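Position 138 of the sequence shown, counting from 1, maps to 192 under the numbering used here, and the rest follow consecutively. We put the beta carbon where it would ideally sit given N, CA and C, even for glycine. Quick caveat: nothing in here was measured; it's all calculated off a predicted structure.
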Amino acid sequence: MLGFPSILSRKCPREPKKLLAGTHSAAAHAVSAEDWAIKTRKRETQLSRAAKPRKGHSDRGIFGAAAKGCLSELEKTLKDNDINALNSSRETLLHVAATNGHLAIMEYLISKGAKPDVKDKKGRTPLHRAAEKGHGDAVKVLLRCGASMYSLDKEGKMPLHVAAQNSHGHILKVLLREEARSYRNQHNFLHRAALKDDSSLVKMLLKSGASIDGKDGRGQTALSYALSRGFENTAKVLLEAGARVDSSMAERAFNSNHPSIFKMLLGYSKDLPSDLMESTLFKAVQKNLTPLHAAAERGHLSVVRVLILFLMCFYVLFCFFFSV
55 MLGFPSILSR KCPREPKKLL AGTHSAAAHA VSAEDWAIKT RKRETQLSRA AKPRKGHSDR
115 GIFGAAAKGC LSELEKTLKD NDINALNSSR ETLLHVAATN GHLAIMEYLI SKGAKPDVKD
175 KKGRTPLHRA AEKGHGDAVK VLLRCGASMY SLDKEGKMPL HVAAQNSHGH ILKVLLREEA
235 RSYRNQHNFL HRAALKDDSS LVKMLLKSGA SIDGKDGRGQ TALSYALSRG FENTAKVLLE
295 AGARVDSSMA ERAFNSNHPS IFKMLLGYSK DLPSDLMEST LFKAVQKNLT PLHAAAERGH
355 LSVVRVLILF LMCFYVLFCF FFSV
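Shown next as structure tokens:
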């Protein structure tokens, strides 16, 4: 165990040690989510094939030692070819250790060549398990050794999703920090949530510090995708959180097959830059929409009052000039 921490020489049971927050990038460098997903699936299939179920053994022994966090017992029973062995649930030892947050066991297994992205019966990796249970330091260990943040289980969920479902906000922050550190112009977590119209996850990500206007390799933001796909709820969450609107977004909303999206964008026209507001209002007239229609439909009473007052003043001036 050359270079492995002296903590491994202690007898079990042990207390998990605190780890440094430094992590290693595991993000793929594909521009499109589709290309990235194909490459990831191929890699994960290879990993799953490399991991073999144990034959002639029960799930006790090495898996029991990993579950208990007893390193000395694991060292006695583990053989080199057992590092990526699978139990009856197709879990590796690293799955079991990550589920229980046993850091010393995890570090030992990784030092011996444990693969971090093998999937169990549910399609979940050790990172899914650590995120699901809220083990922040275990998540950091896995990220540092190259575990994929974007791996999908059989329900299409990333580790981020299972952390969010279990209200582990601290795990979201860890994953977002790692993403920001290793970001390579690809779809980030917020883009992916917007593309799935997962407005609840979008809210949680924004609350946890996600960059609202972050762009991918195509120059698109989360709001761009929400508008182009007609995802009104997600677009509303982003707009209310202060997402920036540019002329290309207004054009995309105008030309989309989702008129409700353009109406919604028009309802937020008071927050747009003056040149963009002028362009948006002109397009609204082309679609027989007015700011008053949009504001009333969105329930923006203060905007409705201002517009009605403006119309009344315009009417008075109109009557005055035509009466003289």
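Original post:
Among the residues of its own chain, which have a CB less than 8 angstroms from the CB of Lys227, if the five just before and after it don't count?
Top reply: Position 173 of the sequence shown, counted from the start, is the residue given in the question as residue 227. Contacts found: Ser262 and Gly263.
**OP:** State the Cα-Cα distance for the pair Asn287 and Ser253, rounded to the nearest angstrom.
**Re:** In the sequence shown, counting from the first residue as 1, residue 287 sits at position 233. In the sequence shown, counting from the first residue as 1, residue 253 sits at position 199. In a straight line, the C-alpha of Asn287 is about 6 angstroms away from that of Ser253.
Subject >> alpha helix (DSSP H) segment containing Thr146, residue limits >> reply: As a working mapping, residue 146 is identified with position 92 in the sequence shown. Unbroken run through Thr146: none, as it is neither H nor E.
**OP:** Can you say whether Glu232 is buried or exposed, counting buried as having 16 or more other CB atoms within 10 angstroms of its CB?
**Re:** Residue mapping note: residue 232 aligns to position 178 of the sequence shown, counting from 1. Buried, because 16 or more other Cβ atoms sit within 10 Å of the Cβ of Glu232.
Subject >> Under the three-state DSSP convention, the category Asp267 falls into >> reply: As a working mapping, residue 267 is identified with position 213 in the sequence shown. Three-state DSSP puts Asp267 in coil, outside helix and strand.
Subject >> Sequence-distant residues of its chain with Cβ nearer than 7 angstroms to Asn220 (five each side left out) >> reply: Here residue 220 refers to the residue found at position 166 when the sequence shown is read from its first residue. Only Glu186 and Gly188 meet the Cβ criterion.
Subject >> Secondary structure, alpha helix (DSSP H): runs of 4+ residues fully inside the region 216 to 277 >> reply: 223 to 236, 243 to 249 and 253 to 261
**OP:** Classify His224 as buried or exposed, calling it buried when 16 or more other Cβ atoms lie within 10 Å of its own Cβ.
**Re:** To locate residue 224, count along the sequence shown from 1; it is residue 170. Exposed, since its Cβ has fewer than 16 Cβ neighbours within 10 Å.
Subject >> Whole-angstrom C-beta distance between Gly268 and Asn242, which should lie under 8 angstroms >> reply: Mapped onto the sequence shown, residue 242 falls at position 188. Mapped onto the sequence shown, residue 268 falls at position 214. The pair is a contact, with the Cβ atoms about 6 angstroms apart (cut-off 8 angstroms).
Subject >> Same chain only: Cβ atoms within 8 angstroms of Gly155, ignoring 5 sequence neighbours per side >> reply: Here residue 155 is taken as the residue at index 101 of the sequence shown, counted from 1. Taken in chain order, the residues that qualify are Pro70, Ala184, Lys187, His189, Asp191 and Ala192.
Original post:
Using DSSP with H/G/I as helix, E/B as strand and the rest coil, what is Gly190?
Top reply: As a first step, residue 190 is located in the sequence shown; it is residue number 136 there, counting from the start. Correct three-state label for Gly190: helix.
Original post:
Do Val195 and Glu161 have their C-beta atoms within less than 9 angstroms of each other?
Top reply: If you number the sequence shown from 1, residue 195 lands on position 141. If you number the sequence shown from 1, residue 161 lands on position 107. Cβ distance < 9 angstroms, so Val195 and Glu161 count as in contact.
Original post:
Roughly how many whole angstroms lie between the Cα atoms of Leu292 and Cys124?
Top reply: Against the sequence shown, residue 292 aligns to sequence position 238. Against the sequence shown, residue 124 aligns to sequence position 70. Using only the alpha carbons, I get a separation of about 47 angstroms.
Original post:
Excluding five sequence neighbours on each side, which residues of the same chain lie with their C-beta closer than 7 angstroms to the C-beta of Lys208?
Top reply: If you number the sequence shown from 1, residue 208 lands on position 154. Contacts found: Lys176 and Gly177.
**OP:** Count the other C-beta atoms from every protein chain shown that fall within 10 angstroms of the C-beta of Pro170, then say buried if there are 16 or more, exposed otherwise.
**Re:** To locate residue 170, count along the sequence shown from 1; it is residue 116. Buried, because 16 or more other Cβ atoms sit within 10 Å of the Cβ of Pro170.
Subject >> Buried versus exposed call for Ser143 [16 or more other C-beta atoms within 10 Å across all chains shown] >> reply: Translated into positions along the sequence shown, residue 143 becomes position 89. Counting Cβ neighbours within 10 Å, Ser143 comes out exposed, since fewer than 16 surround it.
Original post:
On the three-state DSSP scale, how would you describe Pro213?
Top reply: The residue labelled residue 213 in the question sits at position 159 within the sequence shown. Residue state, collapsed to three classes: helix.
**OP:** Give the DSSP-derived three-state secondary structure of Ala304 in the structure shown.
**Re:** For the purposes of this step, residue 304 is taken as residue 250 along the sequence shown, with counting starting at 1. For Ala304, the three-state secondary structure derived from DSSP is helix.
Original post:
Using the C-alpha atoms, what's the distance from Gly284 back to Ala248?
Top reply: Sequence index remark: in the sequence shown, residue 248 carries index 194 (1-based). Sequence index remark: in the sequence shown, residue 284 carries index 230 (1-based). Taking the CA atoms as reference points, Ala248 sits about 11 angstroms from Gly284.
Subject >> C-alpha distance - Ser202 paired with Thr179, whole-angstrom precision >> reply: Along the sequence shown, one-based indexing puts residue 202 at 148. Along the sequence shown, one-based indexing puts residue 179 at 125. If I take the Cα positions, the gap works out to 9 angstroms.
Original post:
So Lys290 is in the alpha helix (DSSP H); what residue range does that whole segment cover?
Top reply: Residue numbering aside, residue 290 sits at position 236 when the sequence shown is read from its first letter. Element bounds for Lys290: Glu286 to Glu294.
**OP:** For the alpha helix (DSSP H) holding Tyr204, just list the boundary residues, first then last.
**Re:** Along the sequence shown, one-based indexing puts residue 204 at 150. It is not in any alpha helix (DSSP H) - Tyr204 carries neither H nor E in the DSSP assignment.
Original post:
Nearest to Thr131 by CA position, among Ala218, Lys122, Leu140 and Phe117, is which residue?
Top reply: Reading the sequence shown from its first residue, position 77 is the one you call residue 131. Of the listed residues, the one whose Cα sits closest to Thr131 is Phe117.
Subject >> Ile315 to Ile137 span [Cα, whole Å] >> reply: Working through the sequence shown from its first residue, we reach residue 315 at position 261. Working through the sequence shown from its first residue, we reach residue 137 at position 83. Distance between Ile315 and Ile137, taken at the CA atoms: about 52 angstroms.
Subject >> Beta-carbon gap between Leu163 and Leu181 smaller than 9 angstroms >> reply: The residue labelled residue 163 in the question sits at position 109 within the sequence shown. The residue labelled residue 181 in the question sits at position 127 within the sequence shown. For Leu163 and Leu181, no; Cβs fall outside 9 angstroms.
**OP:** Please report how far the alpha carbon of His83 lies from the alpha carbon of Tyr237, in whole angstroms.
**Re:** Locating residue 83 in the sequence shown gives position 29, counting from the first residue. Locating residue 237 in the sequence shown gives position 183, counting from the first residue. For His83, the predicted model reports a pLDDT of 39, less than 50, meaning its position is unreliable; a value from the coordinates is still stated below. Going by the C-alpha atoms only, they are around 9 angstroms apart.
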